[in-house]
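Asks: Once you've had a glance at the structure underneath, I'll fire off some questions.
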Amino acid sequence: MKKQPDAYGHRMGPLSSELDNPLREIDNIIGQLMNGLKQMNLHRCINLIIVGDHGMEEAHCDRTEFLSSYPLNIDEIMLIPGSLGRIRPREPKSTMCKSARLNSCKMPAQHFKPYLKRDLPKRLHYANNRRIEDVHLLMERKTRCGFFGDHGFDNKITSMRVLVYNNTNVIITIIIVCPLIVRALDLLGLKPVPNNGTHGSLNDLLKDPPFQPSMPEEVTAPSPPSDAEISHDLGCSCDDEVCGRQRCRRNHF
Numbered sequence: 001m002k003k004q005p006d007a008y009g010h011r012m013g014p015l016s017s018e019l020d021n022p023l024r025e026i027d028n029i030i031g032q033l034m035n036g037l038k039q040m041n042l043h044r045c046i047n048l049i050i051v052g053d054h055g056m057e058e059a060h061c062d063r064t065e066f067l068s069s070y071p072l073n074i075d076e077i078m079l080i081p082g083s084l085g086r087i088r089p090r091e092p093k094s095t096m097c098k099s100a101r102l103n104s105c106k107m108p109a110q111h112f113k114p115y116l117k118r119d120l121p122k123r124l125h126y127a128n129n130r131r132i133e134d135v136h137l138l139m140e141r142k143t144r145c146g147f148f149g150d151h152g153f154d155n156k157i158t159s160m161r162v163l164v165y166n167n168t169n170v171i172i173t174i175i176i177v178c179p180l181i182v183r184a185l186d187l188l189g190l191k192p193v194p195n196n197g198t199h200g201s202l203n204d205l206l207k208d209p210p211f212q213p214s215m216p217e218e219v220t221a222p223s224p225p226s227d228a229e230i231s232h233d234l235g236c237s238c239d240d241e242v243c244g245r246q247r248c249r250r251n252h253f
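Per UniProt numbering, the sequence shown starts with residue 1, numbered consecutively.
In C-alpha cells:
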C-alpha cells in the first residue's frame, strides 16, 4: 500500500510524532475503501482482511554492537547488519563459521546471541534454505542497527506482531502472519505450497471453514493408573490414621 509508515518508523522510531501523519493517511485510504464498498452495497458480501507484514520496535544508540570489538577477523566475513545479523564467509571454503570460532563471540555485556543456522530456535522457521547464511546474531530487542526503529527481532516479542482486521465479524487481534496466508488461500480456493502456517489454526475467524484438521489417532489408548503397593518404607513411619489417608489419596488420584 504505502511505504511511508515503515520508512518513518525506521528513521524516527515507532513512538515518534512524525509517524502520526503517515498513519492518518493509511487510515483515510482504508476509510475510502470501506465507504466505496458500502456505496455499492458490497460491504457484507466480501471477505476483507487487512494486515501488516510486521511490527516495529524502538532502538537506542547505547545498545549498538560492532563486530570489530570482538575477536573476529572482520576481513574474512560479510555481515548483513540488522536486527538479525547474518554472517557469511568471503571465501566459500573458509572454516571461520564453525562452532569453535563462533563461540569467541562472547563478552560480558553483549546484546546478541550467536547461532549457527542449524541451531536457531525452531519457532523462527529460519534454517531450511541454502540462501540463509551460516551464522546468525540474534539481537536483543531495542538494539540499534542503524535505525531508531527496527523489525526482524525474535517473533516471540509482541511488538514484532501485527494487527489484523477481518470484516466478516470485525476482529482485531495480534497474530503471526504465516497462518493468515493459509487462511487467505482457503478463501480463494487455492492450495497452498509448503509453508510455516498451520492449516486450520484460524478456523475460528470463519463462519464456515473450508478445511477441518483431523487429529492423528493415539498410539496407546488412555488408561487409568493401576493400584500399587509401596514395597519399601525408606525408613519412615507414621501412625495408622496418617497412613490410611495416604493410601486413600493414592487410590483416588
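Even for Gly, the Cβ is constructed at its ideal location relative to N, Cα and C.
Taking only the alpha-carbon atoms, compute the straight-line gap between residue 54 and residue 207 and give it to the nearest angstrom.
Replies: 27 angstroms
Asks: Using the C-alpha atoms, what's the distance from residue 63 back to residue 15?
Replies: Rounded to the nearest angstrom, the two C-alpha atoms are 18 angstroms apart.
Asks: The beta strand (DSSP E) that contains residue 70, what's its start and end?
Replies: First-last for residue 70: undefined, no H or E at that position.
Asks: Checking 7 angstroms against the spacing of the C-beta atoms, do residue 76 and residue 111 come in under that value?
Replies: no
Asks: Considering only C-alpha positions, which residue in the set 134, 220, 182 is nearest to residue 205?
Replies: 182
Asks: Please determine, among 220, 149, 203, the residue with the shortest C-alpha to C-alpha distance to residue 57.
Replies: Checking every option, the nearest Cα to that of residue 57 belongs to 149.
Asks: Quick check on residue 117: does DSSP put it in helix, strand or coil?
Replies: helix
Asks: Could you give the residue range of the alpha helix (DSSP H) that holds residue 36?
Replies: 20-39
Asks: Who are the near neighbours of residue 196 in its chain, counting only those whose CB is closer than 7 angstroms to its CB and skipping five residues on each side?
Replies: 125, 178
Asks: In angstroms, rounded to a whole number, what distance separates the CA positions of residue 202 and residue 74?
Replies: Rounded to the nearest angstrom, the two C-alpha atoms are 45 angstroms apart.
Asks: Tell me the residue span of the beta strand (DSSP E) that contains residue 5.
Replies: Segment 4-12 is the alpha helix (DSSP H) holding residue 5; no beta strand (DSSP E) there.
Asks: Which of the three DSSP states, helix, strand or coil, is assigned to residue 45?
Replies: coil
Asks: CB residue 120 to CB residue 109, shorter than 7 angstroms?
Replies: no
Asks: Please state the DSSP three-state secondary structure of residue 204.
Replies: helix
Asks: Skipping 5 residues on each side, what residues in its chain have a beta carbon closer than 7 angstroms to that of residue 113?
Replies: 138
Asks: Can you tell which of 107, 13, 192 has its C-alpha closest to the C-alpha of residue 65?
Replies: 107
Asks: Using the beta-carbon count (16 or more within 10 Å), is residue 155 buried or exposed?
Replies: Within a 10 Å sphere around the beta-carbon of residue 155 sit 16 or more other beta-carbons, which makes this residue buried.
Asks: Can you give me the C-alpha to C-alpha distance between residue 131 and residue 37, rounded to a whole angstrom?
Replies: If you draw a straight line from the Cα of residue 131 to the Cα of residue 37, it comes to about 42 angstroms.
Asks: Just confirm the distance between the C-beta atoms of residue 49 and residue 164, as a whole number of angstroms; I'd bet it's less than 8 angstroms.
Replies: With 8 angstroms as the limit, residue 49 and residue 164 qualify as a contact, their Cβ atoms being about 7 angstroms apart.
Asks: Where do the ends of the beta strand (DSSP E) carrying residue 193 lie?
Replies: Residue 193: not part of any beta strand (DSSP E); DSSP gives it neither H nor E.
Asks: Flag this pair as yes or no: are the beta carbons of residue 187 and residue 136 separated by less than 7 angstroms?
Replies: Cβ atoms of residue 187 and residue 136: not closer than 7 angstroms.
Asks: What number of angstroms, rounded off, separates the C-alpha of residue 88 from the C-alpha of residue 152?
Replies: If I take the Cα positions, the gap works out to 18 angstroms.
Asks: Based on DSSP bridge pairs, tell me the residues matched to residue 85.
Replies: 137
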